[in-house]
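Working notes for the structure below.
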Amino acid sequence: FVLRAFSSEADLSELARTFGSHLERALPGGVNVSFARTRDLSAIDAVVFERGAGPTLACGTGAAATAVAFSAWGLLPKAQDISVHLPGGALVVRLVDGLECDESGEQSASVEIIGDARLVFEGRVVLGDDELAKSDQRV
Numbered sequence: 001f002v003l004r005a006f007s008s009e010a011d012l013s014e015l016a017r018t019f020g021s022h023l024e025r026a027l028p029g030g031v032n033v034s035f036a037r038t039r040d041l042s043a044i045d046a047v048v049f050e051r052g053a054g055p056t057l058a059c060g061t062g063a064a065a066t067a068v069a070f071s072a073w074g075l076l077p078k079a080q081d082i083s084v085h086l087p088g089g090a091l092v093v094r095l096v097d098g099l100e101c102d103e104s105g106e107q108s109a110s111v112e113i114i115g116d117a118r119l120v121f122e123g124r125v126v127l128g129d130d131e132l133a134k135s136d137q138r139v
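Here it is as structure tokens:
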């Protein structure tokens, strides 16, 4: 997670693009990173940079992880619905059981993610035998 006092969602998106591309070069296996800020006591603005894809319109896993982390760090109340605003729209992350600590001190949470699913891309790829043979060799 990257936390900073962002003045706007545009700043958040620009940081995700810039920092994320540096991470891709530094970590050959890639990394997923959430760039986030609190909007108010029940909402977060976030941009998720996914390895191999760059900044994404939405990421349920990233939204859930960000909401849980902000709650664990005391940036948001621990037992509530948290609205996570992503470039593609908002998701609500519900902390079902709140945060719990196990005997080692590790925190965990059960969450539900609530939001719309929208088709954002449709495409078709036609591969000939040569392309299929090449892809089989790389696997």
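When we follow the working numbering, the leftmost residue of the sequence shown carries the number 1, and every step to the right adds one.
For glycine and all other residues, C-beta sits at the position ideal for the given N, C-alpha and C.
Top-ranked residue by Cα proximity to residue i, from the options
i      : options                          : result
Ala36  : Arg118, Leu27, His22 and Val68   : Val68
Gln80  : Lys134, Glu103, Gly52 and Ala109 : Ala109
Phe121 : Gly29, Ala63, Arg51 and Gly88    : Gly88
Ala53  : Arg118, Val31, Thr66 and Asp40   : Val31
Ala26  : Glu106, Arg51 and Leu41          : Arg51
Assumed close pair residue i, residue j - CB separation to whole angstroms, cut-off 8 Å
i     : j      : result
Ala43 : Ser34  : Ala43 to Ser34, Cβ: 15 Å. No contact.
Thr38 : Phe70  : 7 Å
Val84 : Leu95  : Rounded, the Cβ-Cβ distance is 12 Å, inconsistent with contact.
Leu91 : Ile114 : 7 Å
Residue i in three-state terms, based on DSSP
i      : result
Val48  : strand
Val139 : Because Val139 sits at a pLDDT of 44, beneath the cut-off of 50, its placement in the model cannot be relied upon, and the point is left open.
Ser104 : coil
Thr18  : helix
Gly89  : strand
Val68  : helix
Item to complete: Pair every Cβ in the segment 68-77 with every Cβ in the segment 46-59, then say whether three or more of these pairs are closer than 8 Å.
Response: no
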